[in-house]
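> Mind looking over this structure? Questions follow.
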Amino acid sequence: MQYQGVLTKMQTELGKPIQYYLVFEDSFLNMNQLLNKEIEINFVGFECLNCHKKKKIYRQGFCYECFYSSPAVGDWIMRPELSTAHLGIADRDLDYEQKVQLQPHVVYLAVASEIKVGVTRKTQVPTRWIDQGATQAIAIVEVPNRYLAGITEVALKDHYTDKTNWRKMLQNAGENFDLIAEKAKVESLIPPEVQEYFYAQKNDLYELQYPVLSYPTKVASLNLDKSPSFQGKLVGIKGQYLIFENGTVFNIRGSEGYVVTINV
Ligand SMILES: [Zn+2]
Numbered sequence: 663m664q665y666q667g668v669l670t671k672m673q674t675e676l677g678k679p680i681q682y683y684l685v686f687e688d689s690f691l692n693m694n695q696l697l698n699k700e701i702e703i704n705f706v707g708f709e710c711l712n713c714h715k716k717k718k719i720y721r722q723g724f725c726y727e728c729f730y731s732s733p734a735v736g737d738w739i740m741r742p743e744l745s746t747a748h749l750g751i752a753d754r755d756l757d758y759e760q761k762v763q764l765q766p767h768v769v770y771l772a773v774a775s776e777i778k779v780g781v782t783r784k785t786q787v788p789t790r791w792i793d794q795g796a797t798q799a800i801a802i803v804e805v806p807n808r809y810l811a812g813i814t815e816v817a818l819k820d821h822y823t824d825k826t827n828w829r830k831m832l833q834n835a836g837e838n839f840d841l842i843a844e845k846a847k848v849e850s851l852i853p854p855e856v857q858e859y860f861y862a863q864k865n866d867l868y869e870l871q872y873p874v875l876s877y878p879t880k881v882a883s884l885n886l887d888k889s890p891s892f893q894g895k896l897v898g899i900k901g902q903y904l905i906f907e908n909g910t911v912f913n914i915r916g917s918e919g920y921v922v923t924i925n926v
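Numbering (our numbering), first residue to last: 663 to 926.
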């Protein structure tokens with residue numbers, strides 16, 4: 663059976679284990695059902711997720727022009743503390759930025775390898791954690807806009823990393839931590855204007871289970887620019903990565919905007 667479409671990050675469903683779906687325009691694939699099966703991925707071309715033209719992808723699924731003009735990829739996405747919609751100040755498109763920035767955001771601690779701090783819109787819980795391959799996560803504060811979440815993250819970056827070590831995450835080389843105890847420790851570290859939003863009582867610890875049959879001891883990343891055709895046996899899915907038997911890993915999110923055929 664052959665599927666064809668433009669790659670976008672896999673959709674997920676919280677479960678034990680998490681369910682993953684690759685969604686194309688007129689079909690979708692439940693990736694969990696492909697575990698232990700040979701699949702073939704072939705690069706066909708590009709399609710920018712924003713303008714839909716067949717232009718080479720520059721970053722995050724966008725062509726060069728869209729990456730530097732679309733409000734969906736402003737600097738405040740990666741650096742929430744640069745958000746200015748709460749002040750009525752535009753970066754690229756104030757309407758868009760108000761819609762995205764002026765809504766409840768959560769600052770969290772998550773473990774994919776070490777404990778990391780991060781920011782997400784509340785509607786993206788637990789999707790964001792699944793996308794990072796976190797095995798544990800807990801919200802620390804819920805604030806009314808992205809800026810307040812950003813300055814909280816900045817304050818906590820002195821104590822925790824804000825990056826996921828994707829190799830360790832894929833090798834399941836992380837440890838377990840007591841995130842409830844860790845959360846209690848950070849209360850005094852968050853900025854004064856965020857103190858009132860600290861989740862003092864709420865201790866909703868998420869523990870996430872991924873569909874992985876075996877973890878690789880060595881990982882090599884599949885890059886469709888260099889290897890436009892790949893075949894292998896799928897042995898796991900974690901974060902936004904497909905894990906193959908020979909240690910090849912394929913970051914679906916890193917290949918957004920790539921048009922592929924998938925043979926199963
Ligand atoms: Zn474009």
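Just so you know, even glycine gets a beta-carbon here, dropped at the ideal spot from N, CA and C.
Taking Leu851 as the reference, give the member of Ser883, Cys728, Thr814 with the closest Cα.
Checking every option, the nearest Cα to that of Leu851 belongs to Thr814.
> Taking the Cβ atom as the reference point for each residue, do Phe724 and Tyr920 lie within a distance shorter than 8 Å?
Not a contact, by the Cβ cut-off of 8 Å.
> List in chain order: all unbroken beta strand (DSSP E) runs of 3+ residues lying wholly within the segment 869 to 919.
As far as the segment 869 to 919 is concerned, its whole beta strand (DSSP E) runs of at least 3 residues are 891 to 900, 903 to 906, 910 to 913.
> Between Glu743 and Tyr809, is the Cβ-Cβ spacing less than 8 Å?
Cβ atoms of Glu743 and Tyr809: closer than 8 Å.
> Starting from Ala772, follow its DSSP beta bridges and name the residues at the other end.
In DSSP, Ala772 forms a bridge with Lys778, Ala799.
> Please identify the residue among Tyr770, Glu855, Val922, Ile914 whose C-alpha is closest to the C-alpha of Gln673.
Among Tyr770, Glu855, Val922, Ile914, the Cα nearest to that of Gln673 belongs to Ile914.
> Quick check on DSSP: helix, strand or coil for Thr789?
Three-state DSSP puts Thr789 in a helix.
> In its own chain, which residues sit with a C-beta less than 7 Å from the C-beta of Lys716, not counting the 5 before and 5 after it?
Closer than 7 Å at Cβ, skipping near neighbours: Gly707, Phe708, Glu709.
> Which residue comes first and which comes last in the beta strand (DSSP E) that contains Phe708?
Phe708 -> beta strand (DSSP E) spans 700 to 708.
> Taking 8 Å as the CB-CB cut-off, is Asn913 touching chain D?
Among the protein chains of the structure shown there is no chain D, as only one such chain exists.
> Measuring from the CB of Asn838, is there a heavy atom of ligand 1 at a distance below 7 Å?
Asn838: no, Cβ never under 7 Å from ligand 1.
> Taking DSSP's pairing of strands, which residues face His767 in a bridge?
Partner(s): Arg783, Val805.
> In angstroms with no decimal places, state the Cα-to-Cα distance between Trp738 and Gly812.
Their backbone Cα atoms lie some 9 Å apart in a straight line.
> Using DSSP with H/G/I as helix, E/B as strand and the rest coil, what is Asn865?
Reduced to three states, the DSSP call for Asn865 is coil.
> With DSSP run on the structure shown, which of helix, strand or coil describes Arg721?
Strand at Arg721.
> Taking the alpha carbon of Val769 as the reference point, which residue from Glu776, Tyr758, Arg790, Asp755 has its own alpha carbon closest?
Cα-wise, what sits closest to Val769 is Arg790.
> Give me whichever residues DSSP pairs with Asn692 in a beta bridge.
Bridge partners of Asn692: Tyr683.
> Return yes when the Cβ of Leu697 is within less than 8 Å of the Cβ of Pro873, no when it is not.
Their beta carbons are under 8 Å apart, which means Pro873 touches Leu697 by this criterion.
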